[in-house]
Every structure is written in structure tokens, then in C-alpha cells.
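Enquirer: Attaching a single structure in C-alpha cells format; questions to follow.
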Amino acid sequence: MSANPPRTAFSALVRRSFLISVWPIKSVVYVLSTVPIAMLLAVPLGLLAFPWALLARRVAAGTGQPAFELFLLLLGTALVAGLGPLVAWPLAAIERVRLRLVDSRPVPPARRVPFGPSWYRQSLTWRELAYAVLLVTMVPALYGMVALALVLIGVCALSPWLVPAGEINFGVIVITTSSQAVPYSIAGIAALVTVPYLLALAAGFHGAVARALLHPGSRDELHAELVEVSRSRARLVGAFEAERRRIERDLHDGAQQKLVGLTLQLGLVKLDLPAASPVAGAVETAHNQAKQLMSELRELIHGIRPGVLTDLGLPAALRELADQSAVPVVVETDLPRRPPEYIEATTYFVVAEALTNVAKHSGATTVTVTARETADLLTVEIRDDGRGGADPSNGTGLTGLADRVAVAGGRMLLSSPPDGPTLIRAELPCA
Numbered sequence: 009m010s011a012n013p014p015r016t017a018f019s020a021l022v023r024r025s026f027l028i029s030v031w032p033i034k035s036v037v038y039v040l041s042t043v044p045i046a047m048l049l050a051v052p053l054g055l056l057a058f059p060w061a062l063l064a065r066r067v068a069a070g071t072g073q074p075a076f077e078l079f080l081l082l083l084g085t086a087l088v089a090g091l092g093p094l095v096a097w098p099l100a101a102i103e104r105v106r107l108r109l110v111d112s113r114p115v116p117p118a119r120r121v122p123f124g125p126s127w128y129r130q131s132l133t134w135r136e137l138a139y140a141v142l143l144v145t146m147v148p149a150l151y152g153m154v155a156l157a158l159v160l161i162g163v164c165a166l167s168p169w170l171v172p173a174g175e176i177n178f179g180v181i182v183i184t185t186s187s188q189a190v191p192y193s194i195a196g197i198a199a200l201v202t203v204p205y206l207l208a209l210a211a212g213f214h215g216a217v218a219r220a221l222l223h224p225g226s227r228d229e230l231h232a233e234l235v236e237v238s239r240s241r242a243r244l245v246g247a248f249e250a251e252r253r254r255i256e257r258d259l260h261d262g263a264q265q266k267l268v269g270l271t272l273q274l275g276l277v278k279l280d281l282p283a284a285s286p287v288a289g290a291v292e293t294a295h296n297q298a299k300q301l302m303s304e305l306r307e308l309i310h311g312i313r314p315g316v317l318t319d320l321g322l323p324a325a326l327r328e329l330a331d332q333s334a335v336p337v338v339v340e341t342d343l344p345r346r347p348p349e350y351i352e353a354t355t356y357f358v359v360a361e362a363l364t365n366v367a368k369h370s371g372a373t374t375v376t377v378t379a380r381e382t383a384d385l386l387t388v389e390i391r392d393d394g395r396g397g398a399d400p401s402n403g404t405g406l407t408g409l410a411d412r413v414a415v416a417g418g419r420m421l422l423s424s425p426p427d428g429p430t431l432i433r434a435e436l437p438c439a
């Protein structure tokens, strides 16, 4: 037994043990099973390509009209390109399984994006269609030549018994007697040993083409993985936003309301106590701490997701940030619709953090915040006239902004030469 057994019909052909191996049988099964599959596939593909066939007939007959011929050409192209991949997809799934007969190397399952416009942008879709077209055009021609060679070998081997029924005409050679047929019979019988090799050669060639077209390439696999990563990221962002809203609601409706009640109770108790008593001082301190804690909790809730952002949208929330900023801020917005919630929140916090950094480090006198949406892309720019020289490596603030934007599927750009100005640009997809 070979320590390194052949993995394809091609590699098995050069082995001395080919004729006594399983490869000739597998090759025969592969070739024979191709015929009904090609015949079944020819029906839907033939219907889709019927406008092309009609166009070819009219052109050959010279009876076509240019406008109608152009219509037939475009109609056939639309049918084949639009519906052809749907016909080729189940065929490809069958062929990947059947390929194991002549190629034992594993073929990973095709990781497809959901059906839609992106499905037609995947190269595997068109390679599957190309294979389907080859299966109903070139493969019959290949197998036809193999069948002709087998018939020729069989007729030569049986020629002494076929001659009595009539002469055998090979075109350039005519056999009329049994004695004349004997040399051809010997050559035909000797050629019978080549039949398994011929079938394995045809099956191996067919299998190599099938593998080249149907094997998901690394680029397709990477694209599918990136699509899945994008979906997972979108699901995580959505789950994060939902959890953040739940925490905000629980704090607002639960902890904050209880703290308000506690503050009121302490205020009432303080009124009932003599002002000079020792207990009154402790209650006064507790009351002030409760009010301070309530203020801090209100700021915390506002920081999770500002109410103005939820109620009035991003333009109003940005204007509120501008009013609260220590540096004068001009806000310009051009948003024809409300972006998704997590995009709004990401934009808001990017601007809030950027304005905080400007107030702390830049020495700027004016800041301009611009937010606009074009072609499903929300772009926000924060420009200041400060000293510049902002460097992400000097702290985690700018890196945190870039990470927040990346989580939402966008990107952040920074321009901050020495002496300024500094420009932060975040691009976020809204599709």
C-alpha cells in the first residue's frame, strides 16, 4: 500500500497500480453521472438563453431588424445574468459533493452572503455560472470525443464479426472482409487497456476545471468572514445600545426616584427637628449629600444618553454641547433624516470628547462643528484654531475616539500640525 496515495484521478494515472485501484471505477461513475446532470441543466439554461438562440437564427437568416436584435441581446443578457446564478447555485452544491469521486482533497463549503445585490458582487457566484455554462457546452464536446474514441476502439475490436453484416467505413479506410479486419481487431483489443486511462483522463480534466471554478477562493472566504464580522459588530452595537437604554431607564425610573424620595424625607425630618439639636446637624449633612448625589446621578444619566439627543435629535444635542462648552462653538448641520440611534450616540460622544479636549489642551478661541450626511455617510468635523500638535500616542483620548468610531463601522481622521489648526473628522455609515 502506498504511503502517499493519489488524491486525484490525474495523479492516479501515473501509478502502476492504477488499473487495479478504485480510480477507474470512480472515473466511470463520474463520467456517467455527468450526462444526466448536464441534460437536466441544459433545460433551464436553454430557456434563459432562448433570446440569444433566436437572435443567432435571425442573424443567420439575414431577416433581423437592428432594434429587435438589440432587444433580444439585452433580454438574453438580463435573463442569463439575473437568473442564471440561481440555476447554477444548486448545481454547484451537487458538483462539490460529486467532485470527491475524482478529487479526494476537501472542498470547503461555500460561505455565501444572503441573496441580494451583494450576492451578485461575489466572484464565486459568477464562477458557478461559468461552470454551469461549460457543463452544457464544452463538457458534451469533451465527452463526445471520448465516446467517439470508445466507439472506434469497440468497432475495431469487433470488426471481424461486424464485417459480415456490411462493410465498415472509417472514412479513409474501408474494411470489406474478415481477413482484412483481423489486424484492426488486434489493435482494437490491445487498445481496450487504454479505455480506463482515457476515461480517467477525461474525468480528471473535468474535475480540475470544476475545482478551479467551484472551490471558494481565499478572497471569497475573507469577504464572507468580513461580512459576518460586520453583522456581528452591528448586532453587538445594537445590543450595547439596548443595554445602555435599559440602564438609563432603570436609573431614571428606579434609583433616581428613590433618591428624590429620600431627599424629600430628609427635608421633612429637618423641618421637624430643632435647629440647635445635634441630630439636626447630621440630618442637614445627610440632606445635602443626598441632593449632591441626586445631581451627580442626573449627570450620569445624561452622560449615558442625553435626553435632548433622544427627544430632539443630533442637531439639537450638538447645539446643547456648544452652549455648555467653555470655548465658543459654531455648529453647522445638514442632516436630511435622523441617523440610526447608535450612529447618533457615537457622533454625539465624539463631539463631546473632542470639545472637552479642545477646552483642556488646545488654547483655541473658536471651534466649528460640522455634521452632514451624503450618500448614507454621516461626516462630522471638529475644527479649532488652537496650537495644534495633537498626537494620539500622548494619551488615550484620541485613541478612544477612534475606537468608538471603529466600533460603529466608521473611521476617524486627524490633522493637527504644529501651530494648528486641528481637524478631527469622523465618517460613520448610516445605511
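Heads up: the sequence shown begins at 9 in this note's numbering, then just goes up one per residue. Backbone N, C-alpha and C define an ideal beta-carbon position, used for all residues, glycine too.
Buried or exposed, going by whether 16 or more other CB atoms sit within 10 Å of the CB of Pro172?
Expert: exposed
Enquirer: Going by beta carbon distance, what residues of the same chain come within less than 6 Å of Arg15, once the five residues before and after it are set aside?
Expert: Ser112 and Arg113
Enquirer: Under a Cβ-count criterion, where at least 16 other Cβ atoms within 10 Å of its own Cβ denotes burial, should Thr373 be classed as buried or exposed?
Expert: exposed
Enquirer: Would you mind stating whether Leu436 and Gly418 have Cβ atoms separated by less than 7 Å?
Expert: yes
Enquirer: Within the continuous alpha helix (DSSP H) that includes Asp331, where are the two ends?
Expert: Residues Leu322 to Gln332.
Enquirer: Cβ of Gly4 within 7 Å of Cβ of Arg346?
Expert: Absent from the structure is residue 4, since the part of the chain shown begins at 9 and ends at 439.
Enquirer: To the nearest angstrom, how far is the alpha carbon of Val105 from that of Ala20?
Expert: 20 Å
Enquirer: For a quick check, are the C-beta atoms of Leu62 and Leu81 less than 7 Å apart?
Expert: no
Enquirer: Tell me whether Pro437 sits in a helix, a strand or coil according to DSSP, three-state version.
Expert: strand
Enquirer: Could you please give the first and the last residue of the uninterrupted beta strand (DSSP E) stretch that includes Val377?
Expert: For Val377, the uninterrupted beta strand (DSSP E) run begins and ends at Val375 to Thr382, by DSSP.
Enquirer: Between Phe26 and Lys34, what straight-line distance do the alpha-carbon atoms span, to the nearest angstrom?
Expert: 12 Å
Enquirer: Could you tell me whether the stretch 132-144 touches the stretch 158-175, using the rule of 3 or more Cβ pairs below 8 Å?
Expert: no
Enquirer: Within a Cβ cutoff of 6 Å, which residues of the same chain sit near Leu406, ignoring the five residues on either side of it in sequence?
Expert: Pro400.
Enquirer: Cβ of Val88 within 7 Å of Cβ of Leu56?
Expert: Yes, the pair counts as a contact, with Cβ atoms nearer than the cut-off.
Enquirer: Between Ile181 and Leu206, what straight-line distance do the alpha-carbon atoms span, to the nearest angstrom?
Expert: 24 Å
Enquirer: When we look at the beta-carbon of Thr202 and count the other beta-carbons within 10 Å, is it buried (16 or more) or exposed?
Expert: Residue environment: Thr202 is assigned as exposed (fewer than 16 neighbouring CB atoms within 10 Å of its CB, all protein chains considered).
Enquirer: Among residues of its own chain, excluding the 5 on either side of Glu175, which ones have a beta-carbon nearer than 7 Å to its beta-carbon?
Expert: If the five residues before and after Glu175 are omitted, its C-beta is found closer than 7 Å to the C-beta atoms of Val182, Ile183 and Thr184, all from its own chain and listed in chain order.
Enquirer: Let me check you understand the geometry: is the CB of Leu209 closer than 6 Å to at least one non-hydrogen atom of the ligand FMN?
Expert: Within the structure as shown, the ligand FMN is missing, as the structure has no ligands at all.
Enquirer: Name, in chain order, the residues that DSSP records as bridge partners for Gly396.
Expert: For Gly396, which the question treats as bridged, DSSP gives the partners Pro426.
Enquirer: State the CB to CB distance for the pair Gly212 and Ala17, rounded to an integer number of angstroms; the pair is presumed to be in contact (CB under 8 Å).
Expert: Right, their Cβ atoms sit about 4 Å apart.
Enquirer: Just grab the DSSP bridge partners of Ile432 for me.
Expert: Note: Ile432 is bridge-paired with Ile390 and Leu422 in the DSSP secondary-structure output.
Enquirer: Measure from the alpha carbon of Gly397 to the alpha carbon of each residue in Pro191, Gly371, Met420 and Asn12, then state which is nearest.
Expert: Gly371
Enquirer: Which whole-angstrom value describes the C-beta separation of Tyr128 and Ala210, a residue pair presumed to lie in contact below a C-beta threshold of 8 Å?
Expert: About 33 Å; that fails the 8 Å criterion.
Enquirer: Could you check what DSSP says for Val105 in three-state terms: helix, strand or coil?
Expert: helix
Enquirer: Kindly list the residues whose CB is nearer than 6 Å to the CB of Ser423, restricted to its own chain and excluding five residues on each side of it in sequence; keep chain order.
Expert: Leu431
Enquirer: Can you list, in chain order, the residues of its chain whose CB lies under 7 Å from that of Leu421, leaving out five sequence neighbours each side?
Expert: Arg433
Enquirer: Would you tell me roughly how many angstroms separate the C-alpha atoms of Val110 and Ala140, rounded to the nearest one?
Expert: 18 Å
Enquirer: So who's on the other strand from Ile176, going by DSSP bridges?
Expert: Ile183
Enquirer: Would you kindly work out how many angstroms separate the C-alpha atoms of Arg412 and Asp342, rounded to a whole number?
Expert: 22 Å
Enquirer: Are Ser193 and Ala218 close, meaning C-beta to C-beta below 7 Å?
Expert: no
Enquirer: Taking only the alpha-carbon atoms, compute the straight-line gap between Gly428 and Glu389 and give it to the nearest angstrom.
Expert: 15 Å
Enquirer: Since Ile351 and Ala410 should fall inside the 8 Å C-beta cutoff, what is the C-beta to C-beta distance between them, to a whole number of angstroms?
Expert: About 16 Å; that fails the 8 Å criterion.
Enquirer: As a quick exercise: from Ala69, Glu77, Pro336 and Ser126, pick the residue whose alpha carbon is nearest that of Gly90.
Expert: Ser126
Enquirer: Roughly how many angstroms lie between the CA atoms of Thr387 and Arg327, to the nearest whole one?
Expert: Straight-line Cα distance between these residues: approximately 17 Å.
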